[in-house]
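Quick notes on the structure that follows.
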Amino acid sequence: MQQGADHAIRAGKLLLEAKIAVPHGHFEEWQAANCRFSLRSAQLYMQLAREFPQGVAPGTSLTEQLKSPEEKLSSTGRQQRGKRNWVAEAIKVDPVAVLEKAWAAASEMERNIFVKKIERDIQPKQ
Numbered sequence: 020m021q022q023g024a025d026h027a028i029r030a031g032k033l034l035l036e037a038k039i040a041v042p043h044g045h046f047e048e049w050q051a052a053n054c055r056f057s058l059r060s061a062q063l064y065m066q067l068a069r070e071f072p073q074g075v076a077p078g079t080s081l082t083e084q085l086k087s088p089e090e091k092l093s094s095t096g097r098q099q100r101g102k103r104n105w106v107a108e109a110i111k112v113d114p115v116a117v118l119e120k121a122w123a124a125a126s127e128m129e130r131n132i133f134v135k136k137i138e139r140d141i142q143p144k145q
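Each number in the numbering used here corresponds to the 1-based position in the sequence shown with 19 added.
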């Protein structure tokens, strides 16, 4: 069971990377063409990767950790609030990959603006 959870988390990490690389709005199409499992399974694998980026601890019940918000509320006495920040989560998973993909997608003008801003920011203040 532990090995299956670890494989699902690894698949989820790879899917998150693919989702960042695929143009906005085309992930479902990419998933259907490149994966032998359903979109729902892909979503579950990505959820696992976001919630357990370091993997699942040995002896931990994955079923227990994936309870619904209502179940979590009843067992912990509180509920998580707010919407998920998918960009922040992707950055946590692999910040360098996110930057590389953003750089590759940027126009030459955007790259020049970025480089000039960085140069200004790192120059010693006088």
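Ideal Cβ positions, reconstructed from N, Cα and C, are used throughout, including at glycine.
None of the values given here were measured: they were computed from a predicted structure.
Asked: So, is I137 buried or exposed, given that buried needs 16 or more other C-beta atoms within 10 angstroms?; Found: exposed
Asked: Give me the Cα-Cα distance between P143 and V134, rounded to the nearest whole angstrom.; Found: 16 Å
Asked: Work out the CA separation of I141 and S57 for me, nearest whole Å.; Found: 47 Å
Asked: Is K38 closer than 8 Å to V112 when the C-beta atoms are compared?; Found: no
Asked: Let's test the definition: count the other Cβ atoms within 10 Å of the Cβ of L34 and tell me whether it reaches 16, buried, or not, exposed.; Found: buried
Asked: Tell me, to the nearest whole angstrom, how far the beta carbon of A68 is from that of I28; I am working on the premise that it is less than 8 Å.; Found: 5 Å
Asked: Nearest-angstrom Cα distance between N131 and K120?; Found: 16 Å
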